[in-house]
Amino acid sequence: PFTDTDYQPLPPRMYVHGEWKPIQGFPTPKSNRTVIIADLEGNSFSCDIELVQNRVETNEEVTVISQIPCTTGLFGPAHVAKLVEQEDEDGLVVEGTLFDPESDDLYGCGSSSEAPQGPEDSKGDLPSSSNAGKDDSDSCRNRIIQVVHRGECSFIEKALNQRGKHNADGVIVVNSADEDVFIMSYGSEDAAHLEQDLPVSVLVSGTDGRNLLESVSLMQATKGEDSYILARIAIRRQSTAEESEANRDSNDDSNDDVSNDGDTNDEGSSLTDNRTPRFPLVRASSAILRVFSPGGWGIQALQQFENGQTNWHLQLMRHSLDGFEKSAQEDEEAEVEAPDTDDQRNEKSVEETPGLAESDDS
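Everything in the sequence shown is counted per our numbering, starting at 443 for the first residue and increasing by one.
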């Protein structure tokens, strides 16, 4: 996960009876973390679990209150290869009511031999259709995202069991290690299940898993009767470097036109704001890996063939995808520059070329 050391989390708030109310005791991370999943064809995706407040009357989203990084697996609809095949600009998004691990089946390894049940049958405490909203037939409240713990059985077996027992649309696996995440894989015994209809499965760290369940409990206690809480598994396609630069230029022209109607949580909405690039941006192929970081800098690993051997070179690069370099150049142009001395010229070892790799190797 990418860590921003300057991250200062704002107290999360919910819209309760016409006003924004802070959520007391809400667990907030000490850093802003992002998980990026990439293939070797230039495709990359971010993976997050978001806790969302919706209105009961209209099912409209009020705010995104929390966002937790996740990773995907080499199976099911969240496999990167499947995401690329969809060619959906938004990636894959699944929403539903979040359920804690079952007390008698914490690891989700119970038998899935029983016939699949509908959400309203398998989870008796789901919201009834009478108050689910106007579009009850396809309400996200009637979909299930089940939390299970890692261990006891394979990841694919967990997914199959939750689909069979609860007709779950999503499965969140809580890792046994507090801070680690990884891409979930499978063994030869599970290969026969790869083509089955599996729910979207993601993995979170042990700490994030505990915070997720605690957060939902606190949100349920804070919300009013006019709203409800959903969990959203969001695997979003990252824009290319060129698209990000174009979006940045477009945002510069349209910032003055953005208004607030007083019924939107600016803090929450920024979590899913796709108008600006979300760093790090990752691009990979078999011969090069590029990571664009905030502040106008990035790194790349470049494969080169030298004297009959394959070597990798680690290089610094500059970019202007977040407007950092553009602002720095404007500041420089506003100053009166004195001629450089020979010593000062020798100290300038990096040529600033936006978006391109530098020649200095580390």
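All residues carry an ideal CB built from backbone N, CA and C; glycine is no exception.
Just so it is clear, the structure is predicted and the values come from calculations on it, not from any experiment.
Check	Outcome
Unbroken alpha helix (DSSP H) runs of length 4 or more, entirely within the stretch 510-546: which are they?	522-528
Is DSSP giving T500 helix, strand or coil here?	coil
Do you know how far the Cα of E527 is from the Cα of M456?	37 angstroms
Any chance you could list the alpha helix (DSSP H) runs of at least 4 consecutive residues sitting entirely within the stretch 602-666, in chain order?	648-664
Using the Cα positions of R497 and Q466, report the straight-line distance between them to the nearest angstrom.	21 angstroms
Between V616, C582, I598, T514, which has its C-alpha nearest R592's C-alpha?	V616
Would you call the CB atoms of L493 and I478 closer than 9 angstroms?	no
Assuming G740 is part of the beta strand (DSSP E), what are its boundary residues?	739-748
Could you give the distance in angstroms between the alpha-carbon of H635 and the alpha-carbon of R678?	25 angstroms
By Cβ distance below 7 angstroms, which residues in the same chain neighbour E531 in space, the five residues on each side in sequence not counted?	R679
Give every residue of the same chain whose Cβ lies closer than 7 angstroms to the Cβ of C489, excluding the five residues on either side of it in the sequence, and list them in chain order.	V477, I479, P511, C512, T513, T514, V644, I677
Buried or exposed: Q604, going by 16 or more other Cβ atoms within 10 Å of its Cβ?	buried
Looking at the structure shown, is G710 part of a helix, part of a strand, or coil, going by DSSP?	Confidence in G710 is poor, its pLDDT being 39 and thus under 50, which makes the residue's placement unreliable; the coordinate value appears in the next sentence. Of the three classes helix, strand and coil, the one that applies to G710 here is helix, per DSSP.
Leaving out the 5 sequence neighbours to the left and right, which residues in its chain are closer than 8 angstroms to V522 when beta-carbon positions are compared?	I479, A480, D481, N485, F487, T514
Just confirm the distance between the C-beta atoms of G552 and L640, as a whole number of angstroms; I'd bet it's less than 8 angstroms.	Incorrect: roughly 17 angstroms between the Cβ atoms, too far for contact.
For P453, count neighbouring C-beta atoms within 10 Å of its own C-beta (all shown protein chains included) and say buried if the count is 16 or more, exposed if not.	exposed
In this structure, does DSSP put V458 in helix, strand or coil?	strand
Quick check: what's the CA-CA separation for E483 versus R720?	20 angstroms
Output the distance between the C-alpha atoms of F541 and L672, rounded to the nearest integer angstrom.	10 angstroms
Using the DSSP secondary-structure output, state which residues sit across from Y549 in a beta bridge.	Answer is none; Y549 lacks a bridge partner.
Output the distance between the C-alpha atoms of D567 and K600, rounded to the nearest integer angstrom.	Residue confidence for D567 is low, a pLDDT of 45 falling below 50, so the modelled location carries little weight; the figure read from the coordinates is stated next. Rounded to whole angstroms, D567 to K600 spans 22 angstroms at the Cα level.
In whole angstroms, what is the alpha-carbon distance linking E529 and T470?	34 angstroms
Can you give the beta carbon distance from R732 to Q745, rounded, assuming they're within the 8 angstroms contact cut?	Actually they do not touch by this definition, with Cβ atoms about 12 angstroms apart.
Should F468 go down as buried or exposed, given a rule of 16 or more other Cβ atoms within 10 Å for buried?	buried
Counting only the same chain and skipping the five closest in sequence on each side, list residues whose C-beta sits under 6 angstroms from that of Q638.	none
Is I465 helix, strand or coil when you go by DSSP?	coil
Taking just the CA atoms, how far does I587 sit from I730?	37 angstroms
Comparing alpha-carbon positions, which option in G740, E748, V536 lies nearest L756?	G740
Just the C-alpha distance for W462 and G550, rounded to the nearest angstrom, thanks.	37 angstroms
If we count Cβ pairs, one from each stretch, closer than 8 angstroms, do we get three or more for the stretch 644-663 versus the stretch 613-630?	yes
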